[in-house]
Amino acid sequence: MDIALVENDYVLPIAMYRHDWVHILYMGICIIFFMIQVCQRISVDLIYSSKDFKAGFYVPSLNRYPTELTPTSSSISYIWYLVFIWQSTWIIYSIIGIFRRTSSGTYFYQHPCAMNKWCYFYTVFGLILFTPQLAAAARNKYGIGISIFRHLGTLCELIIILVVVHVSLWENLKSYLRNRFFVDVWLTRLLYHNGLALWASVLFYETCLSIIIGLIYGNTVSPSTASIMGCFLLLLGFITLSILENAIFYNSLAFTLSPWLAFLWLLGDIVFRSHEELSSSSSAIWCVRFIFCITCILTCIRLCLFFWRYKNKTIPTFQSPRIYSFVVEPRAF
């Protein structure tokens, strides 16, 4: 019965397979700036790995002013490489969409792909904001104000893209099902939703870290006080994310789990490293451990609610995403 609903909702083609060259141009520019950022990240790591970190000039920008929330250089590098691999995967998936045709007379990247051309436009804008940040890091220059602006700017751009992609998937779900793009529904959730969310999570953490460094650099507060303030800022972000995905937008964010991977990775690196690397401020150290415990608890709550809702079929199921859209109407942002 549900399948019949899908087939009977057929719409005659309104286009005859004509490419949207503006869309493709945005994709090309996005790929160029993404490759620039990857090369910059690799060059930064190569420069620092070949120098003596004891010499103050060669200490990475984010590690020049150590705080209790500063992960090791290797941990930051590895999480960024994971981010880049994830982004490159959805970029390749998007390129393949240029050559795929749908039954409605359009190419897949035009419709129903959830990553529309405005998403690429905002991605390019975010990359343009953040690219100078890595260039400054390669020269070991750290402007506090401009760094926070670039982190926040790119983070806001990614949040906009995440909202658009989630809403687009919900609005185009019938088109996905009509064209029997069942696998693409899950690829959208895996690649676009989780990939962009992972990127935004790392940027959120580095934004908090930049704010802490800015407070220390400006001699506004002591390093331990700045670290405690950063912990509460992180905690506020974690609680906000938990409320959004568990209570408000749980249907749209049901399969977006990558942010907690990033937070556990970065905070776990801090908690489990040797005590000699941390400062003498016991209050700040215990505050970081408290935040890590809260993160573990929120992650467990997230997973438990996910499996409970999955079992009770209140979110899209792995077995039949097409039937879900007609049984329980998806909730958009």
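Numbering-wise, the sequence shown is residues 946 to 1278 according to our numbering. We put the beta carbon where it would ideally sit given N, CA and C, even for glycine.
Measuring only the C-alpha atoms, how far is F1183 from I981?
Computed Cα separation, rounded: 31 angstroms.
Ignore the nearest five residues each way along the sequence and tell me which others in F1251's own chain have a CB closer than 7 angstroms to its CB.
Correct list, in chain order: A1199.
Which of the three DSSP states, helix, strand or coil, is assigned to Y1067?
Here Y1067 sits in helix by DSSP.
Do I974 and V1069 come within 7 angstroms of each other at the CB atom, strictly closer than that value?
yes
Suppose contacts are defined by Cβ-Cβ distances below 7 angstroms. Is I1173 in contact with C1232 by that definition?
yes
Which partner residues of Y1052 appear in the DSSP bridge assignment?
R1046
How close, in whole Å, do the beta carbons of H1056 and S1048 come, if the pair is a contact with beta carbons under 8 angstroms?
Incorrect: roughly 11 angstroms between the Cβ atoms, too far for contact.
How many angstroms separate the CA atom of I1073 from the CA atom of F978?
7 angstroms
Would you give the residue range spanned by the alpha helix (DSSP H) that P1204 belongs to?
S1203 to V1216
Considering only C-alpha positions, which residue in the set S1018, H1096, L970 and R1247 is nearest to I987?
Looking at the Cα atoms, S1018 is the closest of the given residues.
Coarse secondary structure for N1124, derived from DSSP in three states
coil
So, do the region 1119–1138 and the region 1092–1099 have three or more beta carbon pairs nearer to each other than 8 angstroms?
With the cut-off at 8 angstroms, the region 1119–1138 and the region 1092–1099 do not touch.
Buried or exposed by the 16-neighbour rule on C-beta atoms within 10 Å, applied to L1211:
buried
Ordered along the chain, which non-local residues of its own chain (more than five positions away) have a Cβ less than 7 angstroms from that of R1218?
T1017
What does the Cβ neighbour count give for F1127, buried or exposed, with the cut at 16 atoms within 10 Å?
exposed
Can you say whether R1247 is buried or exposed, counting buried as having 16 or more other CB atoms within 10 angstroms of its CB?
buried
Please work out which residues of its chain come closer than 6 angstroms, Cβ to Cβ, to A1229, disregarding the five sequence neighbours upstream and downstream, and give them in chain order.
E1013, S1169, S1172 and I1173
Check each candidate in S1120, G1175, T1259 and A1207 and name the one with the smallest Cα separation from T1051.
S1120
Near F967, which residues of its chain fall below 7 angstroms by C-beta distance, leaving aside the five closest residues on each side in sequence?
First, the amino acid is wrong: residue 967 is Val here, not Phe. K1062, listed in sequence order.
Can you have a look at A1192 and say buried or exposed, based on whether 16 or more other CB atoms are within 10 angstroms of its CB?
exposed
Taking the CB atoms as reference points, tell me whether Y1067 and E1102 lie closer together than 7 angstroms.
yes
With distance defined between alpha-carbon atoms, name the residue in I1105, M1060, L1122 and L1148 nearest to L1097.
L1148
Does DSSP put I1260 in a helix, in a strand, or in coil?
coil
How should L1118 be labelled, buried or exposed, when 16 other C-beta atoms within 10 angstroms of its C-beta is the threshold for buried?
buried
Is the distance from the Cβ of G1042 to the Cβ of F1053 below 7 angstroms?
yes
Near I1104, which residues of its chain fall below 8 angstroms by C-beta distance, leaving aside the five closest residues on each side in sequence?
A1145
My output table needs one value for Y1023: the three-state DSSP class, helix, strand or coil.
helix
Which stretch, first to last residue, makes up the alpha helix (DSSP H) that contains P909?
For the chain, the structure presents residues 946 to 1278; residue 909 sits outside this window and is missing.
Between L991 and P1011, what straight-line distance do the alpha-carbon atoms span, to the nearest angstrom?
21 angstroms
Local conformation of C922 per DSSP, three classes:
Given that the chain is displayed from residue 946 to residue 1278, the structure contains no residue 922 and the question cannot be resolved.
Spatial neighbours of D965 within its chain, please: C-beta separation below 6 angstroms, excluding the five flanking residues on both sides.
Cβ neighbours of D965 beyond the five flanking positions: Q1055.
Considering only residues of the same chain and omitting the five flanking positions on each side of T1152, which have a CB-CB separation below 8 angstroms?
Closer than 8 angstroms at the Cβ level, and outside the excluded window around T1152, lie I1093, H1096, L1097 and L1100.
Comparing alpha-carbon positions, which option in W1253, N1257 and G1140 lies nearest F1029?
For F1029, the nearest C-alpha among the options comes from G1140.
Please say whether S1197 and L1243 have beta carbons closer to each other than 7 angstroms?
no
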